[in-house]
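Participant: Please see the structure below; I have some questions.
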Amino acid sequence: MNMISPEAVANSKRAWLKILSRYKKPDRRRSAVELAIPFATLWALSSAAYAYGHWWGLVLILPAAGFLVRIFMIQHDCGHGSFFANRYADDWIGRVLGVLTLTPYDCWRRAHATHHASAGNLDERGTGDIKTLTVAEYRQLSWRGRLAYRLYRHPLVMFGLGPIWIFIFEQRLPLGMMRGGLTPWVSSMSTNLAIAVIAALLIWFVGPGAFLVVHLPIVILAGSAGIWLFYVQHQFEETEWTKDSEWEFQHAALHGSSYYDLPPVLNWITGNIGVHHVHHLSAKVPCYRLPEVLRDYPELREIGRVTLLDSLRCVKLALWDESRSKLVSFREARMAV
């Protein structure tokens, strides 16, 4: 076990990059197995639902949604070029998986790269992140603006209606990238075409009723889980945000991203993405190697740790209070006036 303290290297980005470089190399056989498992499981669940009646599909919605989350996490690693460490393979696997997750791969990869380059930077908000206003910005809004922001941050919208809007509607166009060249349009339209073909085949095979009752809830539940994970990874009580002049990559990664300490089964389903501070330190570490980093550097377990119970309390956080350097609830912001 290594005993190099993260704080001892906190001022040296190169130190962490050197430490984490040994974990970057993927095991391609392991990657292939990790890719095959969710597909095999989803095929088995679909076969069971077909063999025993489509209504059995209702029982299988939750586990199927879990494996769809797993597929998205593999797509996520492909976007970082870390799953097979072969750009061609990662990109094309990511594009195929993007059809299943309803997420145009090249568009998402571009937005997500911006997120990694600016997470925790108050002056670079707006791309690939959850909209977060400062207390001062919120107070400057009209009553309509405040109402709109409150609705946006409400859990039923954020984790209920939000995923439906994002995955079923918003991602059908390269919003925010309309003038970003041909690639975003090709990514969106080719993904849409493939989704339409697969949806048509499923409707022809199982009927429109079974498709709507079984498949759509799987997509929506998986989308809700994905938004929840992304929320907890950066919207937690101990998170840190700074102005651009003070922003530093390594500090933002360690202290602006959480360690979502989940049970082993949930860790596997979510591709260990809960080890988010390490992921932000080096996005080239494959998801299945992130636990190795925690094992070798246990001090990282105490930085930004959020338990399942802690994560439920994160829902109330809505505004960044610059005077106190912390996320606060609407009530806390009102009481501070």
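Numbering-wise (this note's numbering), the sequence shown opens with residue 322 and increments by one.
Don't be surprised by glycine CBs; every beta carbon is placed ideally from N, CA and C.
Keep in mind it's a predicted model, so treat the numbers as computed, not measured.
#1: Quick check: the Cα distance between Tyr-609 and Pro-585, rounded to an integer number of angstroms?
#2: If you check the beta carbons only, do Gln-554 and Ser-578 fall under 8 Å apart?
#3: Taking only the alpha-carbon atoms, compute the straight-line gap between Pro-529 and His-536 and give it to the nearest angstrom.
#4: Spatial neighbours of Ser-403 within its chain, please: C-beta separation below 6 Å, excluding the five flanking residues on both sides.
#5: So is Val-596 buried or exposed if we call it buried at 16+ other beta carbons inside 10 Å?
#6: Are the beta-carbon atoms of Pro-359 and Arg-391 separated by less than 8 Å?
#7: Specify the secondary structure class of Val-596 as computed by DSSP and reduced to three states.
#8: Distance, Cα to Cα, Tyr-613 vs Lys-345?
#9: What number of angstroms, rounded off, separates the C-alpha of Gly-415 from the C-alpha of Leu-630?
#10: Select from Thr-435, Thr-563 and Gly-547 the residue whose C-alpha is nearest the C-alpha of His-401.
#11: Taking the Cβ atom as the reference point for each residue, do Glu-445 and Asp-565 lie within a distance shorter than 8 Å?
#12: For Leu-542 versus Ile-382, is the C-beta distance shorter than 8 Å?
#13: To the nearest angstrom, report how far apart Ser-650 and Ala-639 are at their CA atoms.
#14: Can you tell me which of Ile-548, Leu-575, Val-599 and Glu-623 puts its alpha carbon nearest to the alpha carbon of Asp-450?
#15: In whole angstroms, what separates the C-alpha of Thr-424 from that of Glu-355?
#16: From Ala-353 to Met-479, what does the alpha carbon distance come to, in whole angstroms?
#17: Throw me the rounded Cβ distance for the Val-540 and Phe-488 pair, which I believe falls under 8 Å.
#18: Extract the residue ranges of the alpha helix (DSSP H) inside the stretch 577-641, only unbroken runs of 4 or more that lie entirely within it.
#19: When the distance is taken between beta carbons, is Tyr-581 closer than 8 Å to Val-627?
#20: Under 8 Å between the Cβ atoms of Met-394 and Ile-524?
#21: My understanding is that Gly-378 touches Ala-531, with C-beta atoms under 8 Å, so please give their C-beta distance in whole angstroms.
#22: How close, in whole Å, do the beta carbons of Met-499 and Cys-428 come, if the pair is a contact with beta carbons under 8 Å?
#23: Quick one, are the C-beta atoms of Glu-567 and Gly-441 less than 8 Å apart?
#24: Is Lys-339 helix, strand or coil by DSSP?
#25: Please name the residue in Gln-492, His-475 and Ser-644 whose C-alpha comes closest to that of Cys-635.
#26: Spatial neighbours of Trp-589 within its chain, please: C-beta separation below 6 Å, excluding the five flanking residues on both sides.
Facilitator: The relevant details are as follows:
#1: 12 Å
#2: yes
#3: 10 Å
#4: Lys-605 and Pro-607
#5: buried
#6: yes
#7: strand
#8: The question names Tyr, but residue 613 is Glu in the sequence shown. Distance between the alpha carbons of Glu-613 and Lys-345: 11 Å.
#9: 33 Å
#10: Thr-435
#11: yes
#12: yes
#13: 5 Å
#14: Ile-548
#15: 20 Å
#16: 34 Å
#17: 6 Å
#18: 585-590, 597-602, 611-617 and 629-634
#19: yes
#20: no
#21: 7 Å
#22: The pair is not a contact, with the Cβ atoms about 11 Å apart (cut-off 8 Å).
#23: no
#24: helix
#25: His-475
#26: none
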